[in-house]
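Visitor: Numbering (our numbering), first residue to last: 104 to 174. What follows is a structure written as structure tokens; I'll ask about it next.
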């Protein structure tokens, strides 16, 4: 039994196609920092509102300073 011409063309192309190079993952910009909790951000110092690493979930005093217990 003879294969349909379209299927034969797909198989032929698949046999000679070069391997696809995978792109490197996009690096995270230096201005973006995300800490799951204050312990994960320890050593970075407190983050002020507007700075990288600050988010409301880490600002327990609602004073614009996140993780102030770890200076």
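Quick reminder that beta carbons are idealized off the backbone N, C-alpha and C, glycines included. If you're wondering where the values come from, they're calculated on a predicted model, not measured in any experiment.
Can you grab the Cα-Cα spacing for the pair residue 136 / residue 155, in whole Å?
Guide: Those two C-alpha atoms are separated by around 5 Å.
Visitor: Beta-carbon separation of residue 167 and residue 152 under 8 Å?
Guide: Yes. Within cutoff.
Visitor: Measuring straight from C-alpha to C-alpha, what distance separates residue 129 and residue 138?
Guide: Their backbone Cα atoms lie some 19 Å apart in a straight line.
Visitor: Taking the alpha-carbon positions, what's the residue 146 to residue 170 distance?
Guide: Roughly 10 Å separates the two Cα atoms.
Visitor: By the 10 Å Cβ neighbour count, where 16 or more other Cβ atoms means buried, how is residue 161 classified, buried or exposed?
Guide: Per the 10 Å Cβ criterion, buried.
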